[in-house]
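Numbering (the working numbering), first residue to last: 1 to 203.
Backbone N, C-alpha and C fix where the C-beta goes; we use that ideal spot for every residue, glycine too.
These figures come from a predicted structure and were not determined experimentally.
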């Protein structure tokens, strides 16, 4: 005969129940998370890395403008090197500025890319020379996560020109950071500050 009291038998059943929950619920979830993490890292490892701001025939620095600009814009692009979360703690982000020539026939030239901090002070110029973008070509400029000089209110001023009437380029920033299974990412679009030539006439 069993010498266990009703309370001891109840406790034993409860322990067995918890063990079953662990074996059939918690453990499979943990294994699934580990499997997904492993697959994600394996997939990430096979993606070829590319150095930002690559220069080639489609994205070429030039010494002088190849034509007299007849169209162009000056753009303001928001950038966030960090945002605030929880009780006002900063969350650092990597900022990528993308400039995309959307014209299928004509090149454009990016004449200036300048990076400013939250107070509006220029931190640095991102271009040494004008940058020619071939039709449908794009370029990017990266502010690394560790570079906190810009702050939450950082910005870029981008200027571009063209020798003929073209489709306006898409200029935007992408902010991103990942930690473990969580991450944050968002996009900010450019705002036109001024226009010249045909861009201004079209208004």
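A direct Cα-Cα distance of roughly 58 Å separates residue 166 from residue 27.
By the beta-carbon neighbour count (other beta carbons within 10 angstroms, threshold 16), residue 68 is exposed.
Each of 19, 194 and 154 was checked against the Cα of residue 97, and the nearest Cα belongs to 154. Taking a C-beta distance under 9 Å as the contact criterion, residue 80 and residue 192 do not qualify as a contact pair. Rounded to the nearest angstrom, the gap between the Cα atoms of residue 72 and residue 171 is 13 Å.
With a 10 Å radius around the Cβ and a threshold of 16 neighbouring Cβ atoms, residue 103 comes out buried. Residue range 108-116 is occupied by the beta strand (DSSP E) that includes residue 108. Nearest to residue 35 by C-alpha distance, out of 99, 186, 181 and 152, is 181. Contact between the region 106-116 and the region 183-197 is not established, with fewer than three Cβ pairs separated by less than 8 Å. By DSSP's assignment, residue 85 forms a beta bridge with 89. Counting only residues of its own chain and dropping the five nearest sequence neighbours on each side, residue 106 has a CB closer than 7 Å to the CB of 135, 162, 164 and 166.
Within the DSSP bridge table, the entry for residue 162 names 71 as partners. With a cutoff of 9 Å on beta-carbon distance, residue 60 and residue 127 are scored as not near each other.
By the CB criterion at 9 Å, residue 83 and residue 174 fall outside the cutoff. Between residue 139 and residue 65, the CB-CB gap reaches or exceeds 9 Å. CA-CA distance, residue 178 to residue 90, rounds to 14 Å. The beta carbon of residue 147 sits closer than 8 Å to the beta carbons of 81 from its chain, once the five residues preceding and following it are set aside; these are given in chain order. For residue 150, the number of other beta carbons within 10 angstroms of its own is at least 16, and it is reported as buried. Rounded to whole angstroms, the separation of the alpha carbons of residue 141 and residue 122 is 16 Å.
Residue 62 is positioned such that its CB atom lies no closer than 9 Å to that of residue 169.
Assignment of beta-bridge partners to residue 129 by DSSP yields no partner. Relative to the Cα of residue 157, the nearest Cα in the group 194, 25, 24 and 85 belongs to 194.
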